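Mapping the sequence shown onto UniProt numbering, position 58 (from 1) lands on 58, and the numbers just tick up by one. In this text, a Cβ means the ideal position worked out from N, Cα and C, and glycines have one as well. The structure presented is a predicted model; accordingly, all values stated were derived computationally and were not measured. Single-structure report; data block below.
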Amino acid sequence: MGGLSEAELGGAARTSHPALGQIPGLRWQHSYVAGDKTFCIYLAESEGRIREHAQRSAFPAPRITEIAAIIDPTSESSCAN
Numbered sequence: 001m002g003g004l005s006e007a008e009l010g011g012a013a014r015t016s017h018p019a020l021g022q023i024p025g026l027r028w029q030h031s032y033v034a035g036d037k038t039f040c041i042y043l044a045e046s047e048g049r050i051r052e053h054a055q056r057s058a059f060p061a062p063r064i065t066e067i068a069a070i071i072d073p074t075s076e077s078s079c080a081n
C-alpha cells in the first residue's frame, strides 16, 4: 500500500470497512504508510481475525506482530516505581 495516492488509500479504506463489520473481535485503529510499506494497527481477539480481514479485503498481511507494550513520553514516570 505504500506509494499509493491519497485517492487509492481512500479506496483501500473503503474496501476495508465492510470487511471489518463482518468480523467480530476486530477493530482497526489506524495505519502508518512508510515508503513502500503499510503498518496497520488493530485491536483483535486473535491473529486469525486479522488474517481473515486481510483475505476479505484482498490486502497482503505477510507479517503480523503482537504488541507487548506501548511506551510514550509519560512511560518514564510510570515505570520509575
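Our contact map puts residue i next to residue j with C-beta atoms below 8 Å; I'd like the distance itself, whole angstroms only.
i	j	result
serine 46	threonine 15	That pair is no contact at about 22 Å.
alanine 44	leucine 26	5 Å
leucine 20	histidine 53	6 Å
Let's see if you can read the secondary structure: which residues bound the beta strand (DSSP E) around residue i?
i	result
serine 31	26 to 34
isoleucine 71	Looking at the DSSP string, isoleucine 71 is not in any beta strand (DSSP E), and its letter there is neither H nor E.
In this structure, how does DSSP classify residue i when only helix, strand and coil are distinguished?
i	result
threonine 15	helix
glutamine 22	coil
arginine 49	helix
Of the residues the options, which one's Cα is nearest the Cα of residue i?
i	options	result
lysine 37	Asp72, Phe59, Gly25, Pro24	Phe59
isoleucine 50	Glu8, Pro24, Gly35	Pro24
List the endpoints of the continuous alpha helix (DSSP H) containing residue i.
i	result
isoleucine 41	It is not in any alpha helix (DSSP H) - isoleucine 41 instead sits in the beta strand (DSSP E) that spans 37 to 44.
Determine, using beta carbons only, whether residue i comes closer than 8 Å to chain B.
i	result
alanine 61	The structure shown contains no chain B; it holds only a single protein chain.
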